Amino acid sequence: MTTTPHPLVAEAHRLADGLLAPSAQRVDQDVVPASHLAAVRRSGLLGVSAPVESGGAGAPDAVAREVAEILAGACLSTWFVQTQHHTPVRLLGRAAPGLPARERLLRPLAGGELLAGIAYAHVRSHPRVPVRATAERGGVRFDGTVPWYTGWGLNDLMLLAGVTGADEVVFAFADAREQPGLRPSPPMRLAALTAARTVSLALDGLWVPEESVVLRTPREEFARVDVPRSTNTSPAVFGVAYAALDLLASAPDERGAADSLRARVDEVRERAYALADHPVPHEHVAERLALRTRAYDLLRSATTAAVVAGGGRATSLDHPAQRLAREAMFLLIQGQTTPVREAHLEALAAG
Ligand SMILES: Cc1cc2nc3c(=O)[nH]c(=O)nc-3n(C[C@H](O)[C@H](O)[C@H](O)COP(=O)(O)OP(=O)(O)OC[C@H]3O[C@@H](n4cnc5c(N)ncnc54)[C@H](O)[C@@H]3O)c2cc1C
5 MTTTPHPLVA
15 EAHRLADGLL
25 APSAQRVDQD
35 VVPASHLAAV
45 RRSGLLGVSA
55 PVESGGAGAP
65 DAVAREVAEI
75 LAGACLSTWF
85 VQTQHHTPVR
95 LLGRAAPGLP
105 ARERLLRPLA
115 GGELLAGIAY
125 AHVRSHPRVP
135 VRATAERGGV
145 RFDGTVPWYT
155 GWGLNDLMLL
165 AGVTGADEVV
175 FAFADAREQP
185 GLRPSPPMRL
195 AALTAARTVS
205 LALDGLWVPE
215 ESVVLRTPRE
225 EFARVDVPRS
235 TNTSPAVFGV
245 AYAALDLLAS
255 APDERGAADS
265 LRARVDEVRE
275 RAYALADHPV
285 PHEHVAERLA
295 LRTRAYDLLR
305 SATTAAVVAG
315 GGRATSLDHP
325 AQRLAREAMF
335 LLIQGQTTPV
345 REAHLEALAA
355 G
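Numbering (my numbering), first residue to last: 5 to 355.
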């Protein structure tokens, strides 16, 4: 029996095959073009997980994951810029109706008129407080350093988090542009994903009004939800693994190797997604971590196989195999939290 794919999955394939994959080599060596993001904005994909009543598609997580795999496999830099957007959309979607930030921003974010980035991974570095939030003049001021902010100059808004003196995390929206109290570094030059324009941000009294605040939550409560969620495997890991296997299989002699690796990736993917859909995020943590680590092993095998099959030419900057291998390296640390880091290092040490 065949089932018709969700319209947004079909749209993701159209975008991937028609635009993202053909220019991925060029984008990797340059910057994600505004025209790529304009196409993503028009596609409806930015509202995949947004509520229908706010102009989104309200699609199940399985659809959002499949879309992410397709985009990541086509052009990881473009995927990475747009993936930031889904966190603010989900946060606003869960916020109480009537909250000023929700009323003002959810619809334009779901429809793609606005594109958002995030600046909150630093909250995980407790007990260090890289960004302090303080109540001031009927709003919040932010001071400190955001170590990583992706999409600078490409997106419109940022969801920024800081920790208060009472150990509460404050999430608020700010315009993603240089302004009093906010100074970006030059875009970082990285071994992978330089094209996604990642900067660090120096905050020195950046002030946002109360209407821009989305959530205040005790830091421990934030960690209780955030840490188990981080133990799931990112769909991008499977997207890049499949892209490497497609490349491998394009050499007729290597189809057998590609098929055997693909069967192992399929199996881990199925189990990882079943756990991602499990209703209690803090259950089965050890199994989630083991699957995330296993997925990394297979990602490394798939991208390594593509390099090996490509021979010397695979090291040319024009060759997709080296790009996929560098992208795989980046995915090893994307969204890394303490338990993820420890489980991965333990597995590597055990061989
Ligand atoms: C290119 C790039 C772009 C990024 N863009 C964004 C972005 O737009 N927005 C955003 O919010 N984040 C972004 N990040 C951050 C990313 O999601 C991860 O949080 C980050 O890569 C984790 O590494 P780190 O260097 O920040 O922290 P690390 O210092 O490597 O720490 C990672 C985790 O391990 C813990 N840890 C560190 N050392 C130890 C130790 N010795 N023992 C136990 N635990 C330890 C830390 O507390 C933390 O939870 C980006 C990262 C990169 C590389």
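A virtual CB, placed ideally from N, CA and C, is assigned to each residue, including glycine.
Remember, it's a predicted structure, so these values are computed and weren't measured experimentally.
Report whether the distance from the Cβ of residue i to the nearest heavy atom of ligand 1 is below 7 Å.
i	result
leucine 205	no
arginine 193	no
leucine 197	yes
tryptophan 152	yes
tyrosine 124	yes
threonine 297	no
glutamine 338	yes
arginine 181	no
serine 129	yes
threonine 237	no
threonine 87	no
glycine 121	yes
threonine 342	yes
threonine 202	yes
arginine 233	no
arginine 275	no
arginine 223	no
arginine 345	yes
Below 7 Å CB to CB, which residues in the same chain sit around residue i once its five sequence neighbours on both sides are set aside?
i	result
histidine 126	Pro134, Val135, Val150, Pro151
proline 55	Gly62, Gly97
serine 264	none
proline 92	Leu113, Ala120, Ile122, Leu163
arginine 4	Given a span of 5 to 355 for the chain in the structure shown, any question on residue 4 remains unanswerable.
glutamate 375	Within the shown structure, residues of the chain are numbered from 5 to 355, placing residue 375 beyond reach of any answer.
arginine 275	Leu295
Looking only at its own chain, which residues have a Cβ that is under 6 Å from the Cβ of residue i, when we skip the five neighbours before and after it?
i	result
threonine 221	Val173
tyrosine 124	Ala165
tryptophan 156	Pro188, Arg201, Val203
proline 239	Arg69, Ala72, Glu73
glutamate 258	Leu252, Ala313
tyrosine 246	Gly77
leucine 210	Phe146, Gly185, Leu186
alanine 248	Ala306, Thr307, Ala310, Leu328
Starting from the C-beta of residue i, find all residues in its chain whose C-beta is less than 8 Å away, skip the five residues before and the five after it, and write them out in chain order.
i	result
histidine 89	Leu50, Leu113, Leu119, Ala120, Gly121, Asn159
Decide if residue i is buried, meaning its Cβ has at least 16 other Cβ atoms within 10 Å, or exposed.
i	result
serine 216	buried
glycine 60	buried
leucine 186	buried
isoleucine 337	exposed
threonine 357	Shown here, the chain extends from 5 to 355; a query on residue 357 therefore has no answer.
arginine 266	buried
alanine 28	buried
histidine 286	exposed
task = Determine, using beta-carbon pairs with one atom in the segment 127 to 142 and one in the segment 162 to 172, whether at least three such pairs fall under 8 Å.
result = Result yes; three or more Cβ-Cβ pairs closer than 8 Å.
ask   = Could you give the uninterrupted runs of the alpha helix (DSSP H) lying entirely in the segment 278 to 315, keeping only those of 4 residues or more?
value = 289 to 314
message = At 4 residues or longer, what runs of the alpha helix (DSSP H) sit wholly inside the segment 21 to 66?
response = 28 to 32, 38 to 47
request  = Report yes or no: do the segment 299 to 308 and the segment 191 to 198 share at least 3 C-beta pairs separated by less than 8 Å?
outcome  = no
query = On the three-pair Cβ rule with 8 Å, is the segment 267 to 284 touching the segment 324 to 343?
reply = no
query = Below 8 Å, can you find three or more Cβ-Cβ pairs linking the segment 321 to 329 to the segment 303 to 311?
reply = yes
key: Within the segment 134 to 198, ranges of the beta strand (DSSP E) (whole runs, at least 3 residues)   = 135 to 140, 143 to 154, 161 to 167, 172 to 179, 186 to 188
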